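The structure appears right after this line, and notes come after that.
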Amino acid sequence: MSKRILCTCEDVTVEEFRKAHHDGFTEMESLKRFTGVGTGFCQGKGCLCEAATELARLRGIDPSAIPLTNIRPPTRPLTFGELAGLDLPPLMEELERTAGTNGDAEVTP
Numbered sequence: 344m345s346k347r348i349l350c351t352c353e354d355v356t357v358e359e360f361r362k363a364h365h366d367g368f369t370e371m372e373s374l375k376r377f378t379g380v381g382t383g384f385c386q387g388k389g390c391l392c393e394a395a396t397e398l399a400r401l402r403g404i405d406p407s408a409i410p411l412t413n414i415r416p417p418t419r420p421l422t423f424g425e426l427a428g429l430d431l432p433p434l435m436e437e438l439e440r441t442a443g444t445n446g447d448a449e450v451t452p
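Going by the numbering used here, the first residue of the sequence shown is number 344, and it counts up by one from there.
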């Protein structure tokens, strides 16, 4: 028996998707969060349509009745230059401060 891949970016099979639905994840948003469908490099461009079609089949409804997942783009795109220029010491201080309050391991830059 061969695997049929539903999401190539996150390597989610149709069988894993069906099992998650059987286990109670019955909406696209919960299936996305549980299986990873639509969270890979393509952000769902390559799999959400097929996933919605499969979910509609599992639920016995028309695919157009399946609401797709929430899209959460960054507030504004950043260039690599802008990311490289970020002032990290305040961020590291905040991470170190909060690491001690929730029992996480020590943060080292």
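Ideal Cβ positions, reconstructed from N, Cα and C, are used throughout, including at glycine. Here the structure is a predicted model, which is why all the values come from computation and not from measurement.
Euclidean distance between Cα positions of residue i and residue j
i, j, result
"residue 407", "residue 377", "22 Å"
"residue 415", "residue 359", "25 Å"
"residue 450", "residue 398", "Legend: pLDDT at residue 450 = 47, less than 50; position of this residue unreliable, value from coordinates given subsequently. Each residue's alpha carbon lies about 42 Å from the other."
"residue 428", "residue 367", "44 Å"
"residue 363", "residue 369", "8 Å"
Whether residue i touches residue j by CB criterion (8 Å)
i, j, result
"residue 380", "residue 349", "yes"
"residue 389", "residue 356", "no"
"residue 347", "residue 401", "no"
"residue 387", "residue 353", "no"
Beta-carbon proximity list for residue i, same chain, < 8 Å, skipping 5 on both sides
i, result
"residue 391", "371, 380, 381, 411, 412"
"residue 395", "371, 406, 409, 411"
For residue i, the three-state DSSP class (helix, strand or coil)
i, result
"residue 357", "helix"
"residue 434", "helix"
"residue 352", "coil"
"residue 406", "helix"
"residue 367", "coil"
"residue 396", "helix"
"residue 388", "coil"
Nonlocal neighbours in the same chain, by C-beta distance under 7 Å from residue i, ignoring five residues either side
i, result
"residue 375", "381, 382, 412"
Cβ of residue i within 8 Å of any chain D Cβ
i, result
"residue 376", "Checking the listed chains, one finds no chain D in this structure; it contains a single protein chain."
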